[in-house]
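Number of protein chains: 2
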Amino acid sequence: MISNKNNNISSRSMGRVTLADVAEKAGVSPITASRALKNPQQVSEKLRTKIYDAVNELGYIPNHAARSLASSETKIISVIFPSLSNAVFPDVLDGIHDTLAPAGYRILLANTHYETDQEEILVRTLLEQNPDGIIVTGIDQNENTRKLLLGSKTPVVQIMELTDFPIDMNVGFSHFQASYDLVRHLQNAGYKKIGFIGARMDPRSQRRMEGYKHAMQEIGISNNDYVLTNQSHTSFKLGAKLFNQLFTQFSDLEAICFSNDDLAAGAMFECSRKGIRVPEDISIAGFNDLDFAEELTPSLTTVSIPLYEMGKKAAEYLLHKIVNRTNPDSLQYDVSYKVVERKSTYTDFS
Amino acid sequence: MISNKNNNISSRSMGRVTLADVAEKAGVSPITASRALKNPQQVSEKLRTKIYDAVNELGYIPNHAARSLASSETKIISVIFPSLSNAVFPDVLDGIHDTLAPAGYRILLANTHYETDQEEILVRTLLEQNPDGIIVTGIDQNENTRKLLLGSKTPVVQIMELTDFPIDMNVGFSHFQASYDLVRHLQNAGYKKIGFIGARMDPRSQRRMEGYKHAMQEIGISNNDYVLTNQSHTSFKLGAKLFNQLFTQFSDLEAICFSNDDLAAGAMFECSRKGIRVPEDISIAGFNDLDFAEELTPSLTTVSIPLYEMGKKAAEYLLHKIVNRTNPDSLQYDVSYKVVERKSTYTDFS
DNA sequence: CTGTTAGCGCATTCAG
DNA sequence: CTGAATGCGCTAACAG
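Chains as they are written, first to last, in the UniProt record's numbering: chain A, 1 to 350; chain B, 1 to 350.
Given below as structure tokens:
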């Protein structure tokens, strides 16, 4: 008699319907039932319908843990972000989700709150799930984390920025170059005294600042006093505060680049409150091109990033490697960026 | 000889280090090794250190699937949101994450994109993981989804709003009442001709609109022409567009309530572009009190919701039920809300 | 196309 | 405090 022990429900079994129950009801062996669900074409139509009927009647729901244990495939992708309140990540996550969900993969999400130690702990925890793939933010994992990831044999995509030494695959763009380009653009438009305001100063903000500094050095106006950074979490309020701090001290500044749109918008709100005219009195530029950027008055000059596409591409890389067990054509993908000039920096210097 | 078959690595095994390997190396039985990891105080210190050493030397990472299968505990909480781009959800998710992560639980995230059919599919998929708990958004699950959830015996929390017929537990607030209160507040301040603009019109936007309508009926100014809704996804741009549509037609409107802050801000941006004065020419109110609300010029009157706390509370309810196997003191928790009056509706009618 | 056998890695009994 | 036996539910491998 084919049967599991559900007859005399043990305390261990949840009393749930198992594949064996389905098989029994359909009068087939468990493995046939299994195949009918995973590779329907391998099972005759007659048995298939019988099995499907049994599934529906019994309300069978597969047990994922058992499936994973037997097949060593979990259909889980782990995603590690430094933050969710930062509006860029939900967009990236959407791209990831929309690509993975249709392929039957689920997302295990974790949040480091921008703490590198947390990252190591989270990677360790997430690896216990044997995810079929992992997406991590940035390229600055510590040595232990890298080792863990490498040793896990799990496909990994580092996203948001590019590195010459990826753990595995890599999808992003150069924050340094993007920021550099933005500043050069302003310089070409005639700006000379340009400041930089950044918060949180995670690795990517850091590199955006470096891009700014590099551009300023190139035209020989490298003044560290024009740079103001802060370790606090980014916010509109903080943008306002830092703007006041810098602009009060250096009212001769012609433009200020902010490490992100939130800070920039916060500054613009402050200008609006104080009657400071943008761009006449001070020009302002952001980074990310969040959706409010072009709606502000004046509209905000910034750098546009294809966030959703970045998530999508990362997920595609992962799927490719999981399904084909081979690397995609290239291990690295540059999603690029675009400097978007708007009215917040439109000044006629002639 | 205690050993698993890793000596002659089969194609099924991943060749990974197992608990048996650790046990062998430490010279103990697998179960002792298991206990050393889960309930250290049950194992003598001598053996414990031996086992820990073995774990570190071998780089052992527990296999979650095996653990789940044996213990029928997954340490996974499934979370279903209708959207991530909507800024309210990342905040809620943060509250959930920050409560669950320290307790050793992981979050499996899914996104319905506001489609109810998707929800059923996702619930079905997520149930395969045997999550220890589930958090779903809203109270409008379809009959199948309810049945699935109920049948799963898994603790469930419905969040964002309140219902008299919860599936299990329920954490949220009354959108109807919150919106009603906001409108009453405006009415008490002297406003009579108040409009309503909503987008997407998911169940919660719907109920906010009902709250508005109810308040308007009470003072006998119920004019459906003053209501403009749209099924598109919410955005700043759409706020501007809908505002134009309504205000062009009814320039006698004194105030407009928007179903969320994004739309309201979009309208304010449009006003700023067109030189329409807020609140002198038209007053504007939002909903949610996102962080930009008080930074706008004028600052935005809105309804403040404790999003992070809502997520936290939902997670706590879940943990309570999982750990104690009993219901929390109450199955329902009202996180409440607060009407926040700011300058965008400050008009002197005297 | 279908079935048999065996085992994935761990934790729950129940014994000592 | 430690261990032996057993099974969680499913699927890979090999037959037939």
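Where is the CB? At the ideal position from N, CA and C, for every residue including glycine. Quick caveat: nothing in here was measured; it's all calculated off a predicted structure.
Who are the near neighbours of residue i in its chain, counting only those whose CB is closer than 7 Å to its CB and skipping five residues on each side?
i       : result
V55(B)  : V22
I51(A)  : V22, A26, V28, A33, A36
N327(A) : K321
R124(A) : L148
Nearest by alpha-carbon distance to residue i: which of the options is it?
i              : options                            : result
L228(B)        : A215(B), Q217(B), K343(B), Q245(B) : Q245(B)
L109(B)        : L47(A), G138(A), S78(A)            : S78(A)
T297(A)        : E316(A), I276(A), V303(A)          : I276(A)
I197(A)        : H185(A), N188(A), N327(A), F236(A) : F236(A)
S85(B)         : P82(A), V92(A), A66(A)             : V92(A)
T116(A)        : L127(A), N144(A), I107(A), R106(A) : N144(A)
L238(B)        : T125(B), V340(B), N223(B), D262(B) : D262(B)
S152(B)        : Y317(A), E254(A), Y226(A), Y60(A)  : Y60(A)
E309(A)        : S44(A), D181(A), D94(A)            : D94(A)
residue 353(B) : F247(B), K312(B), S179(B), R48(B)  : Any property of residue 353(B) remains undetermined from this structure, which presents chain B solely from 1 to 350.
V339(B)        : V183(B), I31(B), R273(B)           : V183(B)
L126(B)        : A101(A), N142(A), L127(A), L126(A) : A101(A)
Verify whether the separation of the beta carbon atoms of residue i and residue j is less than 8 Å.
i       : j       : result
S283(B) : T347(B) : yes
L162(B) : D289(B) : no
C257(A) : I305(A) : no
A240(B) : F287(B) : no
P203(A) : D140(A) : yes
A314(B) : I135(B) : yes
S222(A) : K213(A) : yes
D225(A) : F250(A) : yes
I107(B) : I121(B) : no
T99(B)  : K274(B) : no
What are the boundary residues of the alpha helix (DSSP H) that residue i is part of?
i       : result
Q129(A) : Premise fails: Q129(A) is in no alpha helix (DSSP H) and is neither H nor E.
N56(A)  : 45 to 58
G151(B) : 143 to 151
S272(B) : 261 to 274
I322(B) : 307 to 324
Output, in chain order, the set of chain A residues within a Cβ distance shorter than 9 Å of residue i.
i       : result
K237(B) : D291, E294, E295
L307(B) : Here the premise fails: no neighbours, minimum Cβ distance about 10 Å.
A20(B)  : Residues of chain A passing the Cβ test: none, with the nearest at roughly 15 Å.
For a contact defined as C-beta to C-beta under 8 Å, what are the partners of residue i on chain A?
i      : result
H97(B) : L84, L109, A110, N111
D94(B) : L84, S85, N111
What residues of chain A sit near residue i, judged by a beta carbon separation below 7 Å?
i       : result
F269(B) : E295, L296, T297
D91(B)  : S85
Along the chain, where does the beta strand (DSSP E) containing residue i start, and where does it finish?
i       : result
T163(A) : First-last for T163(A): undefined, no H or E at that position.
R106(A) : 106 to 111
D334(A) : 332 to 334
G95(A)  : Element bounds for G95(A): not the beta strand (DSSP E) but the alpha helix (DSSP H), 88 to 100.
V227(B) : 227 to 230
G198(A) : 194 to 199
Apart from the five residues on each side of it in sequence, which residues of its chain come closer than 8 Å, Cβ to Cβ, to residue i?
i       : result
T74(B)  : H64, S68, Q129, N130, P131, D132
G104(B) : K75
R342(A) : A293, E294, P298, S299, L300, T301, T302
P62(B)  : L19, L37
Q187(B) : I194, A215, I219
D252(A) : K193
Q231(A) : A199, R200, M201
R325(A) : none
E254(A) : Y191, K192, K193, I194, I282, S283, T347
S72(A)  : N130
Please list, in chain order, the chain B residues whose beta carbon lies closer than 9 Å to that of residue i.
i       : result
S272(A) : S272, L296, T297
A240(A) : E295
T74(A)  : H64, A65
By Cβ distance, which residues of its chain are closer than 6 Å to residue i, with the 5 residues on each side in sequence left out?
i       : result
F176(A) : R207, E210, G211
L149(A) : V156, I167
K307(A) : Before going on, a small fix: residue 307(A) reads as Leu here, not Lys. If we look at L307(A) and ignore the five residues flanking it on each side, its Cβ neighbours are V88, D91, V92.
P82(B)  : T112, Y114, T137
N4(B)   : The pLDDT assigned to N4(B) is 34, lower than 50, so where the model puts this residue is not dependable; a value taken from the coordinates is nonetheless given after this. So the qualifying residues of the chain are T18, A20.
F349(A) : G190
M169(B) : V157, Y317, L331
S336(A) : F173
Please list, in chain order, the chain B residues whose beta carbon lies closer than 7 Å to that of residue i.
i      : result
S68(A) : A65
What in chain B is Cβ-close to residue i, meaning under 8 Å?
i       : result
P62(A)  : E128
V151(A) : Going by the sequence as given, residue 151(A) is Gly instead of Val. Residues of chain B passing the Cβ test: G59.
G266(A) : E295
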